[in-house]
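Structure first, then comments.
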Amino acid sequence: MRKVEITMQPKFDLGNVGITRRAAQAMASFDNSAKKFAELLVRHASGDWGEIAESDKRMNDRALTDGNMILSQYRIGDELMLWVISDPADDAGQRVTSVLLPDER
0 MRKVEITMQP KFDLGNVGIT RRAAQAMASF DNSAKKFAEL LVRHASGDWG
50 EIAESDKRMN DRALTDGNMI LSQYRIGDEL MLWVISDPAD DAGQRVTSVL
100 LPDER
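At position 70 of the sequence shown the residue is numbered 69 (numbering that gives the first Met the number 0), and the sequence of numbers has no breaks.
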């Protein structure tokens, strides 16, 4: 198992962050949903990619330097799975990060 060091220091800039309507509705059913949302973003930005394959984790690690897409997957409660996707950086190095349900991709 890969050990991930989680820090409060981001490894990359999330850029503009958005959440889909369906993902926001699903999260709203949980206590402290705003806190959980913020925690997902902190985990994503700090390099904790959540529940994805090792090969995808390695691709995310490379994307920190090459600017490609970064995908994390997190489980909230027993049933809700959310994706956090940071799109490839634009020419200015900026990203757009989206939180969505897996079937919304």
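Just so it is clear, CB atoms sit at the ideal spot from N, CA and C, and this is done for glycine as well.
Burial state of residue i, where buried means 16 or more other Cβ atoms lie within 10 Å
i: L63; result: exposed
i: M26; result: buried
i: S71; result: buried
i: D91; result: Strictly speaking, residue 91 in this sequence is Ala, with Asp absent from that position. Flag for A91 reads exposed.
i: R94; result: buried
Rounded distance between the beta-carbons of residue j and residue i, thought under 8 Å
i: W82; j: R61; result: In fact, because the Cβ distance is near 19 Å, the residues do not count as touching under 8 Å.
i: E53; j: R74; result: That pair is no contact at about 18 Å.
Straight-line Cα distance separating residue j from residue i
i: D111; j: S32; result: The structure shown does not extend to residue 111, since the chain is modelled only from 0 through 104, so no value can be given for it.
i: R21; j: D77; result: 17 Å
i: R42; j: L79; result: 17 Å
**Item:** Within the segment 40-82, ranges of the alpha helix (DSSP H) (whole runs, at least 4 residues)
**Value:** 53-65
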